[in-house]
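Peer 1: Below is the structure I would like to discuss, written out as structure tokens.
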Amino acid sequence: MTTSSVVGQVHLLGVRHHGPGSARSVRRALEELRPDLVLVEGPPEADDLVAFAAQDDLVPPVALLAYQEPKAVSKRTVTPDGTPPAEPDGPRAAFWPFAVFSPEWQAMRWAARNDVPLRFIDLPAAAHLAHRAASEDVPGAADDGPGGAPDEPRPARVDPLGALAAAAGYGDAERWWEDVMEHREGGAAVFDAVEQAMTAVREGEPTDPWDALREAHMRQSVRAALAEGAQRIAVVCGAWHVPALTGPSPAATKDAALVKPVLREAAKAKAILTWVPWSHRRLAAASGYGAGVESPGWYHHLFTVEDRPVERWLVNVAQALRAEDLPVSSAHVIEAVRLAETLAALRGRPATGLEEASEAVRAVLCDGDEVRHALVRDRVEVGDRLGSVPDGVPTGPLERDLAATAKRLRLPREALARDLDLDLRKPTDLGRSALLHRLDLLGVQWGELTGTRGKGTFRESWKVAWDPRLAVDLVAAGTHGSTIEQAASGAVLAAARTGGLAGLAALVERSLLAELPGALPGLLDAVADRAAVGSDTDALFEAIPALARSLRYGDVRGTAPGALRQVLLGLVARARTALPGAVTTLDDDAAAILVPRLREVTAAVTLLGAEAGLREDWLAALERLADRDDLHGLVAGWVTRTLRDERLADVETTSVRLSRYLSRGTPARTAAAFVEGFAGGSGLVLVHDTVLLRLIDEWLVSLGEDLFVEVLPLLRRTFAQFEGAERRVIGEQVAGRRLHVADVVPLDPQLVAHVLPVLATILTPTISCPQETS
Amino acid sequence: MTVITEAVILRPHAEDLYASELAYLAEQDDRQRPPGWRLSPQAVVTYLLGDGDQVTPKYVGPRRLMEVAVATLATDRALLLIGVPGTAKTWVSEHLAAAVSGDSTLLVQGTAGTPEEAMRYGWNYAQLLAHGPSEAAVVPSPVMRAMQRGSVARIEELTRIPSDVQDTLLTILSEKTMPIPELGTEVQATKGFTVIATANDRDRGVNELSSALRRRFNTVVLPTPGTVEEEVEIVSRRVESLGRSLEIPQAPQSADEIRRVVTVFRELREGVTADGRTKVKSPSGTLSTAEAISVVTAGLALAAHFGDGELRPADVAAGMRGAIVRDPAADGQVWREYLETVVRERDGWEGFYAAARESE
């Protein structure tokens, strides 16, 4: 063993977080060294939790969760005037995920199984939380070495491994590390090489202040361990930190002075740590983070398989494909193995890696099909593996809150899906609804709302089913707060920072349903801001109905926020001024989207009541549109109809407009669209208004064959939306009128009598489907 | 140009055109060569992608695709290149064959009428009638010759070939033999024999491969060029070499015009403008890189013979309309719409707009 050391007894094992090769090397090095103390980069509050690692029922992937009790938080973030803030001010939880192939996990398991004490030497979790809250607006401000401390944003500084990899002629740093470090079975000697490489990389590189702080603390911890008389110490930390622990270090007093204020702060707002289950999917989802693992399934496979990793891997892939009924034979697998190995040789790699295996899967097992390959990536390369924690482990705050709330609301967590009908007038049901809505906002899909939204205000139908995977989602939601309510508010506000106007309106609606009054002020501010600067009128039209619905829900649920009404009034005013521009130059698709929105906005405005002439102003704006001749037919038809319904246009004006649009000068398609917009999905107006019906009828009769054929599909669509009874009445009216017209022509009744039975036969079917023959 | 007395070949084979590069690589190559190969797999990859110095790139695109293709051949598997027309499938297969076997001529062109004889063997009937069935009367197909020589056989447009003829490949690919029952003998493939087939996945009415045959191929999908830069690079390179071989008087290459052609083709192909702001309709044609190349080449010829020697917007505009408007009614509409909504507004495109309007 040639590992360098600070003093003779300290052995540094620099690793890549979540690197299976590092994990194997750490395990072997620990066996060789048999240290009497293991120090690991991680939050020291977790020291007591290491013992659980000896138990078989703590199954990785698991994560250390650090959180702060709400009480401690509010003390820390109290505002100058003494009132606690209404919403959380940053992340409330941090995670240190470990998979079975994480070197830290292997160190923990080894220490726990061999009764060797293990301590964590990073700064306390409380300090991490405070640091992240402070640097939240600066992306990448909180960072770590290669691989990074778990759950922290990717390094913003020069990528150290990238520099080394480039020097070795590799384009991709991960692959270089894998080739040089992970594929090496050398054991302890690897760590020597790691140290030398990292020293070279960090030479002349300025140390980030946060890193400097953490490394000072690590040094202090090592010194403390030596002072206590440990004889052989193994330190497992990110490779990046190794030079800071071996090189010429600052004096102990200097380190102590640097660390002291941070520790004092951290002691005030203590963080609580516990084990929580994690999943491969979540490990992979965090790939934007320093410690993200792109292909946890592959790493897990590499670490756990005894021999022939590539062969076994491709067999797994073949099985996954077969499970989807895609035919894959053993012959396929054989050829895939051959291709992967040849590729590795061609590329001069020491061993076949995921990249080669993946190419072989694509070319041989998937016939070059990207869809199938994506399936393999999801099922096998990432995988479904789910961790679990033993019963004795203290549960996380959200989990505890959920358990208590669910018990109070008598809502057991069952895997079997069942329907839940809620009557929101009952307090328990109202509570259940709020809970399910809150979880939904947190991305924990326990329940799915099946009842139609908007109708039946007092009723909600849910389909609820508890999937064990949701436990991980719940844990992850802990970043936003330590109770369900607080976390949901935090999640809403976090989402509000990025969403568009329509999205925000939906959020308002959802947070009212979830009873999150704390989130509302911030949300409404965001809505007002976004509407003021945004030029997207579509979003405006979309937002208004949602907000109007929210206002109505708010009334039902006894929380009628005056602020919401104000914001909404502002939005309507904006929509009114934007209206003339919004209806200009629309194609068919855009018009088909716009008209239902306008209809909803009009309904919403009506719902708001007579407040400050709101409705009159809106209708006046519509009226100004009515006589413009550059409108899309659909819009013009809808406007004409709306004005008629609202009694702002009499029959005479309406028929003038109608006949203008249906006259010869108007293209037939525009006219047909006008009819569609005018009818608005219901034939009732035509049933009752014979003048209008006559106009339409005459227009239709006047069409030549070509034009008629051209507009027929449009008309068919319009009439198909009518009720059967409406169609029948319209048909009868039209047919009646025609017969009547025929009657006035002087005819010989006797001759006509011969023809009449024939006519009756011809006409009878046309009455039942008038839209095709009228 | 030197004075050549013989008729000059219009399009030399890859192995002749790039003979010096192949010789150079063979000389430098000290890695192990699979049996029957002229070069090592690494050198073949270098031949395709270029080394930035002596060897020009033949394929511009992801390196991993060429590595998979070469590794496939090295494991004596058959290679199936798939892609929309104009993604350099044929080009890649020709160069692969030239680099691996030094011979890209063992070619079967797949059509709806490709007979079994083209895959297996035919008979010299005069011989057959005069002397009865004998080895001398057998007319070998390119595939059979490739088996005898240990070379790469190329099959173009495999999916156009009728299914029963396709299936004659089964025995050849799995048993590596071709029985000649009339003579009671067989031809056994020697080392180095393999097949490169191409197929395009855009056409309809083709004969899908049976799963038994499909299983004998490793599939590499060749994508359309990823970025404008890549495509401009491909077009300029090909236009240059085509211009040289067609002896078009050297016109100064206008990078601007090439970029313009590539931009128009990409935008119409993808249905959205390069800045992602405006949606445009796509015409019925494929608008491949190959078509962009021919538009530019034709434009260069126009400029050289009839213009002032420099590639002008007017020289490419007419060719572009021809390439884009395949269906006069529908595509004409698409093209006009594109001109009015996109081209017209664009800074520095006034000349092109005017030229395109004129060629309407």
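Line order of the protein sequences matches chains A and B. Per the numbering used here, residue 1 is the first one in the first sequence, and the count goes up by one each step. Per the numbering used here, residue 1001 is the first one in the second sequence, and the count goes up by one each step. Where is the CB? At the ideal position from N, CA and C, for every residue including glycine.
1) Does the pairing of the region 408-423 of chain A with the region 383-394 of chain A give three or more beta-carbon distances under 8 Å?
2) What ranges does the beta strand (DSSP E) occupy inside the region 379-455 of chain A, keeping only unbroken runs of at least 3 residues that lie completely in it?
3) Ends of the alpha helix (DSSP H) at B/L1128?
4) With contact counted as at least three CB pairs below 8 Å, one residue from each stretch, are the region 575-586 of chain A and the region 509-522 of chain A in contact?
5) Residues of chain A with a CB under 7 Å from the CB of B/E1067: which are they?
6) Given a cut-off of 7 Å, decide if A/L520 and B/E1067 are closer than it, judged by their beta-carbon atoms.
7) Counting only Cβ pairs nearer than 7 Å, list the residues of chain A close to B/Q1042.
8) Pull up the distance between the alpha-carbon of B/T1072 and that of A/P713, whole angstroms please.
9) Tell me the DSSP secondary structure of A/V464 in three-state form.
10) In the DSSP assignment, find the beta strand (DSSP E) that holds B/L1079 and state where it starts and stops.
11) Between B/V1342 and chain A, is any beta-carbon pair separated by less than 7 Å?
12) Using DSSP's beta-bridge definition, name the partner residues of B/K1279.
13) Grab me the residues of A/A604's own chain with a C-beta within less than 6 Å of its C-beta, minus the 5 sequence neighbours each way, in chain order.
14) Per DSSP, A/F98 is paired with what?
15) Can the beta-carbon of B/V1094 be found less than 7 Å from the beta-carbon of B/V1055?
16) Can you say whether A/H632 is buried or exposed, counting buried as having 16 or more other CB atoms within 10 angstroms of its CB?
17) Any residues in the region 1194-1228 of chain B with a beta carbon nearer than 7 Å to a beta carbon of chain A? Which ones, in chain order?
18) Excluding the 5 residues flanking B/K1281 on each side, which residues of the same chain have their C-beta closer than 6 Å to its C-beta?
19) Have a look at B/G1243 and B/G1322 and give me their C-alpha separation to the nearest angstrom.
20) Give the interface partners of A/G353 over in chain B, defined as CB-CB distance under 8 Å, in chain order.
21) Could you name the residues of the same chain whose beta carbon sits closer than 8 Å to that of B/S1174, not counting the 5 residues immediately before and after it, in chain order?
22) Since I believe A/L49 is in contact with A/W278 (beta carbons under 8 Å), could you give me their beta-carbon distance rounded to a whole number of angstroms?
23) Identify the residues that DSSP records as bridge partners of B/Y1047: which are they?
24) My output table needs one value for B/Q1028: the three-state DSSP class, helix, strand or coil.
25) Say whether chain B places a C-beta atom closer than 7 Å to the C-beta of A/G562.
26) So, at 7 Å on beta carbons, what are the nonlocal neighbours of B/S1314 in its own chain, with the 5 sequence-adjacent residues on each side left out?
27) Closer than 7 Å by C-beta to B/S1040: which residues in its own chain qualify, once you throw out the five before and the five after it? Chain order, please.
28) What residue ranges within the region 661-748 of chain A form continuous beta strand (DSSP E) runs of no fewer than 3 residues, ordered along the chain?
29) Could you list which residues in chain B have their beta carbon closer than 7 Å to that of A/L775, in chain order?
30) Can you tell which of A/G247, A/A672 and A/I696 has the C-alpha that lies nearest to the C-alpha of A/V656?
31) Under 8 Å Cβ-Cβ, which residues of chain D neighbour A/A363?
32) Please list the partners that A/G368 has in chain B, where partner means a Cβ-to-Cβ separation under 8 Å.
33) Taking C-beta pairs closer than 9 Å, name the residues in chain A that B/T1075 reaches, listed in chain order.
34) Using a Cβ-Cβ distance under 7 Å, would A/E32 count as near chain B?
35) Applying the criterion that 16 or more other CB atoms from any shown protein chain within 10 Å of the CB defines a buried residue, is B/H1305 buried or exposed?
36) Does DSSP classify A/T654 as helix, strand or coil?
Peer 2: Let me lay it out:
1) no
2) 418-423 and 447-449
3) Position 128 of the second sequence, counted from the start, is the residue given in the question as residue 1128 of chain B. Unbroken alpha helix (DSSP H) run through B/L1128: Y1125 to H1131.
4) no
5) As a position in the second sequence, residue 1067 of chain B is number 67, starting the count at 1. Those within 7 Å of B/E1067 in chain A are L343, L346 and R347.
6) As a working note, residue 1067 of chain B is residue 67 in the second sequence. As a working note, residue 520 of chain A is residue 520 in the first sequence. In this structure, A/L520 does not lie closer than 7 Å to B/E1067 by Cβ.
7) Taking the second sequence and counting its residues from 1, the one referred to as residue 1042 of chain B is at position 42. Near B/Q1042 (Cβ distances below 7 Å), the residues of chain A are L346.
8) As a working mapping, residue 1072 of chain B is identified with position 72 in the second sequence. As a working mapping, residue 713 of chain A is identified with position 713 in the first sequence. Between B/T1072 and A/P713, the C-alpha separation is close to 54 Å.
9) Here residue 464 of chain A is taken as the residue at index 464 of the first sequence, counted from 1. If DSSP states are grouped into helix, strand and coil, A/V464 belongs with the strands.
10) As a working note, residue 1079 of chain B is residue 79 in the second sequence. From DSSP, the beta strand (DSSP E) with B/L1079 extends over A1078 to I1082.
11) Residue 1342 of chain B sits at position 342 when you count from the first residue of the second sequence. No, B/V1342 does not count as interfacial toward chain A.
12) Against the second sequence, residue 1279 of chain B aligns to sequence position 279. In DSSP, B/K1279 forms a bridge with B/V1272.
13) The residue you call residue 604 of chain A lines up with position 604 of the first sequence. The answer, listed in chain order, is I544, P545 and A548.
14) As a first step, residue 98 of chain A is located in the first sequence; it is residue number 98 there, counting from the start. Its beta-bridge partners are A/V62.
15) Locating residue 1094 of chain B in the second sequence gives position 94, where the first residue counts as 1. Locating residue 1055 of chain B in the second sequence gives position 55, where the first residue counts as 1. For the sequence presented, residue 1094 of chain B should be read as Glu rather than Val. Not a contact, by the Cβ cut-off of 7 Å.
16) Taking the first sequence and counting its residues from 1, one reaches residue 632 of chain A at position 632. That one is buried.
17) S1211, R1214, R1215, N1218, T1219, V1220 and V1221
18) Translated into the one-based positions of the second sequence, residue 1281 of chain B becomes position 281. Here the set comprises V1334.
19) Taking the first residue of the second sequence as position 1, residue 1243 of chain B is located at position 243. Taking the first residue of the second sequence as position 1, residue 1322 of chain B is located at position 322. Near 20 Å, if we compare the C-alpha coordinates of B/G1322 and B/G1243.
20) For the purposes of this step, residue 353 of chain A is taken as residue 353 along the first sequence, with counting starting at 1. Neighbours of A/G353 on chain B: none; closest Cβ ~12 Å, over 8 Å.
21) Stepping through the second sequence from its first residue, residue 1174 of chain B is reached at position 174. Here the set comprises R1216.
22) Numbered from 1 along the first sequence, position 278 holds the residue referred to as residue 278 of chain A. Numbered from 1 along the first sequence, position 49 holds the residue referred to as residue 49 of chain A. Wrong, their Cβ atoms sit about 14 Å apart, outside the cutoff.
23) The residue labelled residue 1047 of chain B in the question sits at position 47 within the second sequence. According to DSSP, which records beta bridges pairwise, B/Y1047 is partnered with nothing at all.
24) The sequence position of residue 1028 of chain B within the second sequence is 28, counting from 1. Residue state, collapsed to three classes: helix.
25) What you label residue 562 of chain A is simply residue 562 of the first sequence in a count that begins at 1. Chain B contact via Cβ: absent.
26) As a working mapping, residue 1314 of chain B is identified with position 314 in the second sequence. The sequence as given places Ala at residue 1314 of chain B; Ser does not occur at that position. Within the same chain, B/A1314 has close Cβ partners A1355.
27) As a position in the second sequence, residue 1040 of chain B is number 40, starting the count at 1. Closer than 7 Å at Cβ, skipping near neighbours: D1029, R1031, Q1032 and R1033.
28) none
29) Residue 775 of chain A lies beyond the residue range present for chain A, which begins at 1 and ends at 774; the question has no answer from this structure.
30) Counting from one through the first sequence, the residue named residue 656 of chain A turns up at place 656. Of the candidates A/G247, A/A672 and A/I696, the one whose C-alpha sits nearest the C-alpha of A/V656 is A/I696.
31) As a matter of chain content, chain D is missing from the structure shown, whose protein chains are A and B.
32) The count along the first sequence starts at 1 and reaches residue 368 of chain A at position 368. Near A/G368 (Cβ distances below 8 Å), the residues of chain B are L1080, I1082, T1219, V1220 and V1221.
33) Position 75 of the second sequence, counting from 1, holds the residue named residue 1075 of chain B. Those within 9 Å of B/T1075 in chain A are E335, R338, L339, E341 and T342.
34) Along the first sequence, read from residue 1 onward, the residue named residue 32 of chain A stands at position 32. Chain B, which has no Cβ nearer than 7 Å to the Cβ of A/E32, makes this no.
35) In the second sequence, residue 1305 of chain B corresponds to position 305, counting from 1. When all chains shown are included, B/H1305 counts as exposed.
36) In the first sequence, residue 654 of chain A corresponds to position 654, counting from 1. A/T654: helix per DSSP, three-state reduction.
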